[in-house]
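Notes follow the structure.
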Amino acid sequence: MRVVDFFEPANRRILTLKPGKERLVANRHPWIFAGAIARESGPEEAAIADLVDPRGRRVASGFHSLHSQIRVRALTFGDEVLTEETLRERMVSSIARRLGSGLKSKVPGEHPSNDRHFSALSTLDLTPNAMRVINAEGDELSGLTVDRYDDLAVVEIANAGLEQLRPMINDVLRRELALRGIWWKNDIGLRFRVDPPSGQKTGFFLDQRENRALTRTLASGRRVLNLFSYSGAFGVYAAAGGAASVENVDISAGAIEVARQNHALNGFDDASFVVADAFDYVRKTASRFDLLICDPPAFAKSRGDIDRAARGYKDINLFAMKLLDPGARMLTFSCSGHMSLDLFQKVIFSAAQDAGRRVAFVRRLTAAPDHPVSLFCPEGEYLKGFLLEVR
Ligand code: SAH
-16 MRVVDFFEPA
-6 NRRILTLKPG
4 KERLVANRHP
14 WIFAGAIARE
24 SGPEEAAIAD
34 LVDPRGRRVA
44 SGFHSLHSQI
54 RVRALTFGDE
64 VLTEETLRER
74 MVSSIARRLG
84 SGLKSKVPGE
94 HPSNDRHFSA
104 LSTLDLTPNA
114 MRVINAEGDE
124 LSGLTVDRYD
134 DLAVVEIANA
144 GLEQLRPMIN
154 DVLRRELALR
164 GIWWKNDIGL
174 RFRVDPPSGQ
184 KTGFFLDQRE
194 NRALTRTLAS
204 GRRVLNLFSY
214 SGAFGVYAAA
224 GGAASVENVD
234 ISAGAIEVAR
244 QNHALNGFDD
254 ASFVVADAFD
264 YVRKTASRFD
274 LLICDPPAFA
284 KSRGDIDRAA
294 RGYKDINLFA
304 MKLLDPGARM
314 LTFSCSGHMS
324 LDLFQKVIFS
334 AAQDAGRRVA
344 FVRRLTAAPD
354 HPVSLFCPEG
364 EYLKGFLLEV
374 R
């Protein structure tokens, strides 16, 4: 898997201050606004920026955003070098300050319940299992807020550059806090390139909007396979939800190229992209997954096609299920207007049976509400699917 090193000099944006604006960072204030910048160079999508004075000397480094008013959220100043290690260290020590482990030596068995909680309670009088473990500027991490509710962490990110460092944030939080899940609450929307003339249908499948949002909430820490990925939109949402890995598969090299661009546009360059026939791929891959999206094109173009289409849906779902570890989730769809929900459910049942898996559906899935269906033309209800739990 290709991983972009956002801290590499070549991957950093260089912002040059207007003359006299050096005083802005003299007192380690972290916010550098667009109005203070004279010129800039380097990759627009950079996660990290170096701020330099008019003579080219570095005066600060921090999280970069191309479009916000706050262009840099500085973390280090002057000669200090901002590395991934700096960032990890800040997160770890911020968490340690809350848990009190920096204040007390931990003697095993000293406290019968949980010594970390106990020391936090005794030193800071916080609710021990619910607390803000990272408080942005207050912990020298401008742009990052993390609240911990027992074994759930809620992460709020206020900067596009930091958004790209999610895998790292995910990694640190999971190491430092015994978590069941991470909820990513971000105000920064995901972005997609839409090209109506060359794209499929109108250029993007808007009907899957809500199902992608659902995918985002299910993805944390999971290994995700996105079959029939087209624009890679499900993959981007999964990556935004903190997936451990994302693999997109489509038979069209052009579609895979668009998927790659859409991941890059959102800073998720570490996903993988495979040009392959999904039917072959699910038979051959040695990888295992715990969240799978299967959104093929309509296999039944007409009523007469239904038997053949049903065999196609069964085949792909059967082999997809075999790739899943117990506890995995799967979103599986049919967008054939001729395939009824009832028949699709039977097909999935028969795939599960042949795959030897016990499967329950958690939710039925449909098109988003901006795709109303006329009661007088029920054929308009083409998109149907299930959120499955595969045991
Ligand atoms: N899931 C996508 C939409 C998929 S459209 C989204 O969220 O936008 C169907 C896609 O399946 C197309 O991109 C098409 O290129 C691809 N496709 C068609 N037959 C395929 C096959 N046999 N193997 C893999 N991909 C296939």
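Residue numbering for the sequence shown follows my numbering, beginning at -16 and increasing consecutively. Here a beta-carbon is modelled for each residue, glycine too, at the ideal position from N, C-alpha and C.
Between which two residues does the beta strand (DSSP E) carrying P309 extend?
Position 326 of the sequence shown holds residue 309. From DSSP, the beta strand (DSSP E) with P309 extends over 307 to 317.
Whole angstroms is fine: what's the gap from A334's alpha carbon to L173's?
Looking up residue 334 in the sequence shown gives position 351. Looking up residue 173 in the sequence shown gives position 190. If you take the alpha carbons of A334 and L173, they lie about 34 Å apart.
I need the straight-line Cα distance from Q147 to A223, nearest angstrom please.
Sequence index remark: in the sequence shown, residue 147 carries index 164 (1-based). Sequence index remark: in the sequence shown, residue 223 carries index 240 (1-based). Rounded to whole angstroms, Q147 to A223 spans 9 Å at the Cα level.
Figure out for me which residue from A30, P26, G61 has the closest Cα to the Cα of G39.
Position 56 of the sequence shown, counted from the first residue, corresponds to residue 39. That would be G61, whose Cα lies nearest to the Cα of G39.
Ignoring anything shorter than 4 residues or poking outside the stretch 5 to 85, list the alpha helix (DSSP H) runs there in chain order.
With a minimum length of 4 residues, the continuous alpha helix (DSSP H) runs that stay inside the stretch 5 to 85 are 6 to 9, 67 to 82.
Mind checking who Y132 pairs with in its DSSP beta bridge?
Along the sequence shown, one-based indexing puts residue 132 at 149. Paired residues: A113, L135.
Proximal residues to H50 (C-beta, below 8 Å), its chain only, five neighbours per side dropped:
Position 67 of the sequence shown, counting from 1, holds the residue named residue 50. Correct list, in chain order: A143.
Mind checking Q52: buried by the 16 CB within 10 Å criterion, or exposed?
The count along the sequence shown starts at 1 and reaches residue 52 at position 69. Per the 10 Å Cβ criterion, exposed.
Over the uninterrupted alpha helix (DSSP H) stretch that includes D154, give me the two end residues.
Here residue 154 is taken as the residue at index 171 of the sequence shown, counted from 1. Note, D154: alpha helix (DSSP H), 149 to 159.
Selection from N10, D36, F369, W166 that minimises the alpha carbon distance to D137:
For the purposes of this step, residue 137 is taken as residue 154 along the sequence shown, with counting starting at 1. The question names Asp, but residue 137 is Val in the sequence shown. Comparing Cα-Cα distances from V137 to each of N10, D36, F369, W166, the minimum goes to W166.
So if DSSP puts A343 in a beta bridge, which residue, or which two residues, is it bridged to?
The residue given as residue 343 occupies position 360 in the sequence shown. A343 has E372 as its beta-bridge partners, per DSSP.
Ends of the beta strand (DSSP E) at R(-4)?
If you number the sequence shown from 1, residue -4 lands on position 13. Run containing R(-4): -4 to 0, per the beta strand (DSSP E) assignment.
Rounded C-alpha distance that separates C277 from N10
The count along the sequence shown starts at 1 and reaches residue 277 at position 294. The count along the sequence shown starts at 1 and reaches residue 10 at position 27. Rounded to the nearest angstrom, the two C-alpha atoms are 53 Å apart.
Hey, how far is the Cα of V42 from the Cα of L82?
As a position in the sequence shown, residue 42 is number 59, starting the count at 1. As a position in the sequence shown, residue 82 is number 99, starting the count at 1. Their backbone Cα atoms lie some 33 Å apart in a straight line.
Let's see if you can read the secondary structure: which residues bound the alpha helix (DSSP H) around F217?
Taking the sequence shown and counting its residues from 1, one reaches residue 217 at position 234. Looking at the DSSP string, the run of the alpha helix (DSSP H) that includes F217 is 216 to 223.
Would DSSP call A256 helix, strand or coil?
The residue labelled residue 256 in the question sits at position 273 within the sequence shown. For clarity, residue 256 is Phe in the given sequence; the question names Ala instead. Reduced to three states, the DSSP call for F256 is strand.
Is the beta carbon of D298 within less than 6 Å of some heavy atom of the ligand SAH?
Locating residue 298 in the sequence shown gives position 315, counting from the first residue. No, Cβ of D298 sits at least 6 Å from all heavy atoms of the ligand SAH.
Return the CA-CA distance between A375 and H354, expressed in angstroms with no decimal places.
Not covered by the structure: residue 375. The range shown for the chain is -16 to 374.
Which same chain residues, not among the five before or five after S96, have their C-beta less than 8 Å away from its C-beta?
Locating residue 96 in the sequence shown gives position 113, counting from the first residue. Caution is warranted here: a pLDDT of 44 is assigned to S96, below 50, making its placement in the model unreliable, and no coordinate value can be reported.
What is the residue span of the beta strand (DSSP E) that V265 lies within?
Mapped onto the sequence shown, residue 265 falls at position 282. From DSSP, V265 is part of no beta strand (DSSP E) but of the alpha helix (DSSP H) over 261 to 267.
Regarding Y220 and the ligand SAH, is the C-beta to nearest heavy atom distance less than 6 Å?
Indexing the sequence shown from 1 puts residue 220 at position 237. No, the beta carbon of Y220 sits no closer than 6 Å to any heavy atom of the ligand SAH.
Meets three-Cβ-pair contact criterion under 8 Å: the stretch 290 to 298 and the stretch 227 to 247
no
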